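Residue numbers (my numbering): 262 to 387. Presented below is the structure to which this report refers.
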Amino acid sequence: MMGVGPEARVVEAMRYTSLNSGKRIRPFLVTASANLFNVDEAAALRVAAAVEFVHCYSLIHDDLPAMDDDDLRRGKPTCHIKFDEATAILAGDALLTKAFEVLADENTHGNSSVRVELISALAKAS
């Protein structure tokens, strides 16, 4: 997720939100569950990241003026306050898209049927 040029601001907003000190409960649950079933750790981390990206997308959009209009999240300015509303919308949308990109990637799982199931499950849960 490198940001060069006009998209750099969107990438910065994505990083600001997704790396902002949250509890990371969802990724923990994914990796703990994967560990119970001896799922490859790298694959589990990719799925955990995808789940966290969707969660961050939902937080960005929830904080927007058209929704809850929150100024702070976890004691820090929300994405639309730190950047601007348009950048926040784009960052949220990009995180959602990135989640499905990660799941669709062959590095997540070598079996395309498994990747389709992961994508389908996350889409339904979203």
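All C-beta atoms, glycine included, are put in the ideal place defined by N, C-alpha and C. Here the structure is a predicted model, which means the values were calculated and not measured.
Quiz item: Is DSSP giving P338 helix, strand or coil here?
Solution: strand
Exercise. With DSSP as the reference, label L364 as helix, strand or coil.
Key: helix
Quiz prompt | A310 - containing alpha helix (DSSP H), residue span | solution = Where A310 is concerned, the enclosing alpha helix (DSSP H) starts and stops at 302-324.
Quiz item: Whole-angstrom Cβ separation of P288 and V312, contact assumed at under 8 Å?
Solution: 6 Å
Self-check item: L389 versus D330: straight-line alpha-carbon distance, rounded
Solution: Residue 389 is absent from the structure shown; the chain starts at 262 and stops at 387.
Quiz item: Should A382 go down as buried or exposed, given a rule of 16 or more other Cβ atoms within 10 Å for buried?
Solution: exposed
Exercise. Have a look at I350, L379, G371, S374 and flag the residue whose alpha-carbon is nearest the alpha-carbon of A360.
Key: Out of I350, L379, G371, S374, L379 has the C-alpha closest to the C-alpha of A360.
Quiz item: Helix, strand or coil: which one does DSSP assign to L333?
Solution: strand
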